[in-house]
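Numbering (full-length UniProt numbering), first residue to last: 1 to 528.
Even glycine gets a Cβ: it sits at the ideal position worked out from N, Cα and C.
Just below is one structure, and these are the notes that go with it.
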């Protein structure tokens, strides 16, 4: 009687027949071909064109299937094999955990050794620097004491008895000591600023057999059930920027980036969008943010605001910076001693300057706009060519019935490449212009690459040109930076969300280093 009661209890359904893929749904359908169960949500995703029936109508087939399994004993072998597999996985997990534990500890030990070595080197440099100051100071103290002794030996009533040259030497030495003391007092004291961020590393996804820069989070293993067709749970988020795989139609170029982890550093919290960035060395760059001209020194944002109300800027070969403002009719020049002086007049006659650029042979191209007519306006776009002495060398123009604000301009061989703000839902477009006589003609345009109707989603905040004559574009909405050729035809994606990009804005290239502004942080990738 007890044995019968136990078997009866086992046969009772202790809980509803919940779908193993959709926990809120119950099994209601049976697939005769696959011998599997499903809910209504599964029906729209799996077992299409299969022989299906209601679950209660398949009771006889289901019981017969269980009977076959019990008679053949295959289920026992299958479950035993699964148990052995899980046991092997458990052993492998323990081994991997121990191995990673040792690697992490070794990495931390090595990093501590490097930190200790760096500390010792910096303290040694500090000691040597201040020791040289002390030696110079002690030498001058000795000179002052010697001069005090010489002055003490002099008597006012007996000055005529001393050699004239001796008196001159004493006065000269006093003046020399005074000058040296001033130099010592005004000598800049060394300051310390960290120039890099130390990172012990991350756990990385190594499923492809090679290390990637994407860090993974450790979570509990979820239950995985076998299904005839594989699909994602429709109630879970099906798209994630970090997991997105490019289609074969768009060439991925992650191999363009070296294995070196990109340099990343933070800007101030109030800097949320960098509109332009021009690298001037491996550690330094000029940036335009919050309509202010700022500077990055040693991968850190300088506190100095070099200019306000800035619309655009370019850097000259002599390290001076030319500054353009829509509110002013003059281009201003920032000298190396931080003085702002007038460079050239470019406004007047109702013309508003928007942006400008400089070629490798030091020729400026300035984009201005004016309009006239009422009630229907006509917008005139003006281009002015000017050398670095402020002399106008050429001009051209073209007219449009609608206004599109130019955000950035680049010289692309004999063409002008302009990034426009269309004024519609923060969208952008890029136009290639060719100068003929005193007119500029549009010969090509670009409005995005991703998906259908790409122009309805193209939003870019940065554009630059590399040495090979390719245009590099940051796509704000699609978390990516990609390359198009001189005809504005797509070539390849350089960086995207898998490289840590979220909202890439201004971009700049110096040698093989690409600087990318993303929110209030800067990425530096090496593309060699």
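- Measuring alpha carbon to alpha carbon, tell me which of 511, 189, 88 and 160 ends up nearest residue 132. Along the chain shown, read from residue 1 onward, the residue named residue 132 stands at position 132. Cα-wise, what sits closest to residue 132 is 189.
- Task: Go to residue 61, then tell me how far its beta strand (DSSP E) extends in each direction, as first and last residue.
- Result: The count along the chain shown starts at 1 and reaches residue 61 at position 61. Here residue 61 belongs to no beta strand (DSSP E); instead the alpha helix (DSSP H) covers 59-72.
- Task: For residue 275, count neighbouring C-beta atoms within 10 Å of its own C-beta (all shown protein chains included) and say buried if the count is 16 or more, exposed if not.
- Result: Counting from one through the chain shown, the residue named residue 275 turns up at place 275. It counts as buried.
- Message: Just to confirm my understanding: we take residue 449, look at its own chain, exclude 5 residues before and 5 after, and list those with CB closer than 6 angstroms. What are they?
- Response: Within the chain shown, numbered from 1, the residue matching residue 449 stands at position 449. Taken in chain order, the residues that qualify are 490.
- Message: With DSSP as the reference, identify every bridge partner of residue 149, one or two as the case may be.
- Response: Your numbering for residue 149 matches position 149 in the chain shown. In the DSSP output, where bridge partners are listed per residue, residue 149 has none listed.
- Item | Coil, strand or helix - residue 393 by DSSP | What you label residue 393 is simply residue 393 of the chain shown in a count that begins at 1. Looking at residue 393 - three-state DSSP - the assignment turns out to be strand.
- If you run the structure through DSSP and keep just helix, strand and coil, what is residue 94? Walking along the chain shown from the start, residue 94 turns up at place 94. Helix, per DSSP.
- Nearest to residue 60 by CA position, among 474, 119 and 30, is which residue? Translated into the one-based positions of the chain shown, residue 60 becomes position 60. When only C-alpha atoms are compared, the closest one is 30.
- Message: With a threshold of 8 angstroms, are at least 3 pairs of Cβ atoms found where one atom belongs to the region 349-356 and the other to the region 332-339?
- Response: no
- Query: Quick one: what's got a C-beta closer than 6 angstroms to residue 287's C-beta in the same chain, skipping five residues either side?
  - Reply: Here residue 287 corresponds to residue number 287 of the chain shown, with the count starting at 1. Around residue 287: 274, 277 and 294.
- Item | Cα-Cα separation, residue 444 to residue 435 | Within the chain shown, numbered from 1, the residue matching residue 444 stands at position 444. Within the chain shown, numbered from 1, the residue matching residue 435 stands at position 435. Roughly 13 angstroms between the two C-alpha positions.
- Task: Count the other C-beta atoms from every protein chain shown that fall within 10 angstroms of the C-beta of residue 85, then say buried if there are 16 or more, exposed otherwise.
- Result: As a working note, residue 85 is residue 85 in the chain shown. Classification of residue 85: exposed, given that the 10 Å Cβ count is below 16.
- At which residue ranges does the region 429-486 contain complete beta strand (DSSP E) runs of 3 or more residues, listed in the order of the chain? 439-446, 462-465, 471-475 and 480-484
- Task: Could you say if the region 407-416 and the region 458-473 meet the contact criterion of at least three C-beta pairs nearer than 8 angstroms?
- Result: yes
- Message: Let's test the definition: count the other Cβ atoms within 10 Å of the Cβ of residue 428 and tell me whether it reaches 16, buried, or not, exposed.
- Response: If you number the chain shown from 1, residue 428 lands on position 428. Counting Cβ neighbours within 10 Å, residue 428 comes out buried, since at least 16 surround it.
- Task: Tell me, to the nearest whole angstrom, how far the beta carbon of residue 533 is from that of residue 524; I am working on the premise that it is less than 8 angstroms.
- Result: The chain is shown from 1 up to 528; residue 533 falls before or after that span and cannot be answered.
- Item | Buried versus exposed call for residue 113 [16 or more other C-beta atoms within 10 Å across all chains shown] | Residue 113 sits at position 113 when you count from the first residue of the chain shown. Classification of residue 113: exposed, given that the 10 Å Cβ count is below 16.
- Message: Tell me which residues share the same chain as residue 316 and place their Cβ nearer than 7 angstroms to its Cβ, disregarding the 5 neighbours each side in the sequence.
- Response: In the chain shown, the residue the question calls residue 316 occupies position 316. Excluding positions up to five away in sequence, the list reads 322 and 388.
- Which two residues bound the contiguous beta strand (DSSP E) that contains residue 167? For the purposes of this step, residue 167 is identified with residue 167 of the chain shown, where counting begins at 1. No beta strand (DSSP E) contains residue 167, which is instead part of the alpha helix (DSSP H) from 164-186.
- Keeping to the same chain, check which residues put their C-beta closer than 7 angstroms to that of residue 223; ignore five residues upstream and five downstream. As a first step, residue 223 must be located in the chain shown, where it is residue number 223. Because residue 223 carries a pLDDT of 40, less than 50, the predicted location of this residue cannot be relied on, and the following value inherits that uncertainty. There are no such residues.
- Going by DSSP, name the residue or residues bridged to residue 280. For the purposes of this step, residue 280 is taken as residue 280 along the chain shown, with counting starting at 1. Paired residue(s): none; residue 280 is not in a bridge.
- Task: Round the Cβ separation of residue 397 and residue 381 to the nearest angstrom and send it over; I've been treating them as touching at under 8 angstroms.
- Result: Position 397 of the chain shown, counting from 1, holds the residue named residue 397. Position 381 of the chain shown, counting from 1, holds the residue named residue 381. Right, the Cβ-Cβ distance comes to about 6 angstroms (below 8 angstroms), so this counts as a contact.
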